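So the sequence lines, in the order shown, correspond to chains A and B.
Residue 99 in this note's numbering sits at position 10 of the first sequence, and the numbers go up by one each step.
Residue 710 in this note's numbering sits at position 153 of the second sequence, and the numbers go up by one each step.
For every residue, glycine included, the Cβ atom is placed at its ideal position computed from N, Cα and C.
All values derive from a computational prediction rather than experimental measurement.
Remarks on the structure that follows.
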Amino acid sequence: MRRPRALERSDREAAQDAAHAEREIVIKVHGLENKFGDQIIHHDLDLEVRRGEIIGIVGGSGTGKSVLMRSIIGLQTPLAGEIEVFGKRMDQLDAEQSKDLRRHWGVLFQDGALFGALTVTENVEVPLREFFKFEPSFLAEIAGYKIAMVGLPAIAGPKYPSELSGGMRKRAGLARALVLDPRILFLDEPTAGLDPISAAAFDELIKNLRDTLGLTVFLITHDLDTLHAICDRVAVLADGHVLKVGTIAELMDFDHPWVQEYFRGPRGRAATAGVTPVKESV
Amino acid sequence: MRHDCGVTGATFTDSGGTLALGGRWTVAHIGELEPQLRALNGSVKTIDMSGVERIDTVGAWLIHRLIRDGGAKVTGASSEASRLIDSVGKSDQPVERHPFRGSVFVHRLEMTGHAVVSQLHVLGNFLAFLGKTMVVLFQTIFERRSLRLNSVVHQMDVVGVHALGIVGLLSFLVGIVLAQQGAVQLRQFGAEVFVVNLIGRSTVRELGILLTAIMVAGRSSSAFAAQIGSMKLNEEIDAMHTIGLSSFEVLVLPRVIATGLMMILLGFYGSMMAILGGGLFCWASLDMPPVTFVTRLQEVILFSDFWIGLFKAPIFGVIIAVTGCFQGMQVTGNAESVGQRTTAAVVQSIFLVIVLDAFFAVFFTALGFV
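Set out below in structure tokens:
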């Protein structure tokens, strides 16, 4: 059985050097519709995510950023529209194919969503145990280097999630998301609630992981510093669809009141100037 | 010796210290060959990676392990593979799966000590909580604090009115069972008519109240613990305190008052339903007409039985509500704690109700209410 080209990684380096437009598309959303009761969340939403890029998703509260992510990863069944991941239509997969596809993406939820009854090491091992039958010692080795890769010390391994700080929980969640060596990483507000130093370190971590592991990163964020620091392209969600996708420089010249307010408001200016704005403490 | 995994999978061929790799060295393919690779650890001197089609961190980790343990040299690696091997090499960090516990014996001993101390703490906290509730109750009675009447009425509806169906059905059925089993035994002495004494006295004084209390403990004590517990997790209790609201006044007292009051009514209602069940059984099965049944009932039930039953009911209600609220307030950390505390609320409130009932039985008998 040959895997489709989208699943291949061998020519990744060439693709990384190539211009954005030449990269293949790993996520394609076309005509997405979502409604909660009478409230329209998405109407005719189109989005394409290219391989190896970090795409930032921004938008005001309630514009359906998280719903978009949940639709792509199959936690939410859209009313209408097509979602293709690695060239496969999500709604046409059977249970087996769907499970197989899930192996190729990792998701980091807002607060890590670690299983509270398991230690960090056990949490990281869960996906491996689910998909493969490895020796316990090998599982521990894999968990060990994944935990180190996300910058957690070894002493965090045998701890329970309730004993960790928010930043450490996010890192542990990231280790679990990365354990199957996914191609796509979905991050839901990874730096929310972190202090500026931890947030900057997390940005750096994601960029490094993208560069070493060749990940495609789908990043929902409100953090202007994150957008400036690591995103290759940014998609702006408003009025139920994607208003504009482009680099931050392109978006700053885009004539829309919300986009202008977002990137040229006081915080946007501070982030553009490379000055760390004072973050609200939570 | 050649090892491979499936048709499209990873392969490695071992020829006297040189390992030639091929195929996909990714988690899905090479993972199965891990034990064979482990066996080669230390004997491999050269690794030829030119045949590798694809590699991920798990493949890189296995190669890193050969390099680390046997000092193997890598040839023919793509820049991507070198980067991955380098990256996992930097992250080589063994972790423990579980917290260190020491020897089993010491661990058991520590657990036992911990359990004893924490139980004593819980007991102390519970008494403090009960005391605080009583203080707030009396302050409210003497109008030094306001009573949340809306909240009390709402809780009365939830605790009392909504429980009518299940409490009624349960008591009714127990009444029938009591009459039927009693009749079988008493028939041996030709004393079937004493079934009325059995039903009348046992339900009004003991069973009606106790069954209702157990039912209310199962329904409402758990609900209180879960409600207050999730509010605690959500920092709503802390928010109340910062606004200047007392959680005792807002949450605990309305539940305690409502449960205490509704236990009186539900207990009485439960007893009546049990008598109704027993009466119907006597009518249908023992041919005792309802008029006879009621007349006998009036003769055998002492007024003291009735008052003892109604005296116990509100005390049970208060204990149930206080236990539920107390356990809810003890929730810390995560959702699992809510589950544990809810279970503890039900178990402890039923336990306390039965212990108190036993105490009252001895107490009132000693006082001469036989």
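- Item | Alpha carbon of B:T583 to alpha carbon of A:L304, nearest angstrom | 15 Å
- How is the beta strand (DSSP E) around A:E211 delimited, first residue to last? No beta strand (DSSP E) holds A:E211; the alpha helix (DSSP H) holding it covers 209-220.
- Message: So if I threshold CB-CB distances at 7 Å, which residues from the region 612-627 of chain B count as touching chain A?
- Response: D613, T614, V615, W618
- Message: Is there a Cβ of chain A sitting closer than 7 Å to that of B:V809, yes or no?
- Response: no
- Query: Given 8 Å as the limit, is there contact between the region 740-757 of chain B and the region 848-856 of chain B, that is, 3 or more CB pairs closer than that?
  - Reply: yes
- Message: For a contact defined as C-beta to C-beta under 9 Å, what are the partners of A:T305 on chain B?
- Response: Under the 9 Å cutoff, chain B gives no residues; its nearest Cβ is about 14 Å from A:T305.
- Which ranges does the beta strand (DSSP E) cover as unbroken runs of at least 3 residues, wholly within the region 829-905 of chain B, from first to last along the chain? none
- Comparing alpha-carbon positions, which option in A:T152, A:K235, A:E224, A:K222 lies nearest A:N212? A:K235
- Task: Name the residue from A:G120, A:K124, A:G148, A:K117 whose alpha carbon lies nearest to the alpha carbon of A:V323.
- Result: A:G148
- Message: Let me see if you follow: with CB-CB separation under 7 Å, is A:G205 close to chain B or not?
- Response: yes
- Message: Quick test of the definition: if touching needs 3 or more C-beta pairs under 8 Å, does the region 624-637 of chain B touch the region 231-248 of chain A?
- Response: no
- State the start and end residues of the unbroken alpha helix (DSSP H) segment that holds B:S728. 721-744
- Query: Going by DSSP, which residues form a beta bridge with A:W194?
  - Reply: A:I273
- Message: Just to check my reading of the structure: B:T769 and B:V724 have Cβ atoms closer than 8 Å, yes? What is that Cβ distance to the nearest angstrom?
- Response: 5 Å
- Query: Which of helix, strand or coil does DSSP assign to A:H345?
  - Reply: coil
- Query: If you check the beta carbons only, do B:G765 and B:S828 fall under 7 Å apart?
  - Reply: yes
- Message: Pull the bridge partners of A:H131 from the DSSP assignment, please.
- Response: A:N123
- B:T583: contacting residues in chain A (beta-carbon distance under 8 Å): D270
- Query: Going by Cα to Cα distance, which pick from B:A892, B:H586, B:M886, B:I876 is closest to A:D270?
  - Reply: B:H586
- Counting along the chain, where does the beta strand (DSSP E) carrying B:T575 start and finish? 575-582
- Please check if any C-beta of chain A sits within less than 7 Å of the C-beta of B:H711. no
- Evaluate the contact criterion for the region 867-880 of chain B versus the region 904-918 of chain B: three or more CB pairs, one atom per stretch, below 8 Å. yes
- Task: Report buried or exposed for A:H119, applying the criterion of at least 16 other Cβ atoms within 10 angstroms of its Cβ.
- Result: exposed
- Query: So A:R218 packs on A:V239, CB below 8 Å; how close in whole Å?
  - Reply: Not quite, the Cβ-Cβ distance comes to about 19 Å (not below 8 Å), so this is no contact.
- Message: I want to verify the contact list: residues of chain A whose CB lies under 9 Å from the CB of B:R654, in sequence order.
- Response: T208, T210, E211, E214, P225, L228, A229, A232, G246, P247
- Starting from the C-beta of A:E214, find all residues in its chain whose C-beta is less than 8 Å away, skip the five residues before and the five after it, and write them out in chain order. L228, A229, I231, A232, V268
- Query: For the region 250-280 of chain A, which residues have a beta carbon sitting closer than 7 Å to at least one beta carbon of chain B?
  - Reply: S251, L269, D270
- Query: Of all Cβ atoms in chain A, is any one closer than 7 Å to the Cβ of B:G588?
  - Reply: yes
- How about B:W618 and B:V645: are their beta carbons less than 7 Å apart? yes
- Query: Counting only beta-carbon atoms, is B:R640 nearer than 7 Å to chain A?
  - Reply: yes
- For the region 313-321 of chain A and the region 154-161 of chain A, state whether three or more C-beta atom pairs, one from each stretch, are separated by less than 8 Å. no
- Message: I want to see whether chain B comes within less than 7 Å of A:E219, judged by CB atoms only; does it?
- Response: no
- Task: Answer with yes or no whether the minimum CB distance from A:P355 to chain B is below 7 Å.
- Result: no
- Task: Would you kindly work out how many angstroms separate the C-alpha atoms of B:L767 and B:F825, rounded to a whole number?
- Result: 11 Å
- Message: Whole angstroms are fine: how far does the CA of A:G151 sit from the CA of B:M713?
- Response: 38 Å
- Task: Return helix, strand or coil for A:H311, following the three-state DSSP convention.
- Result: coil
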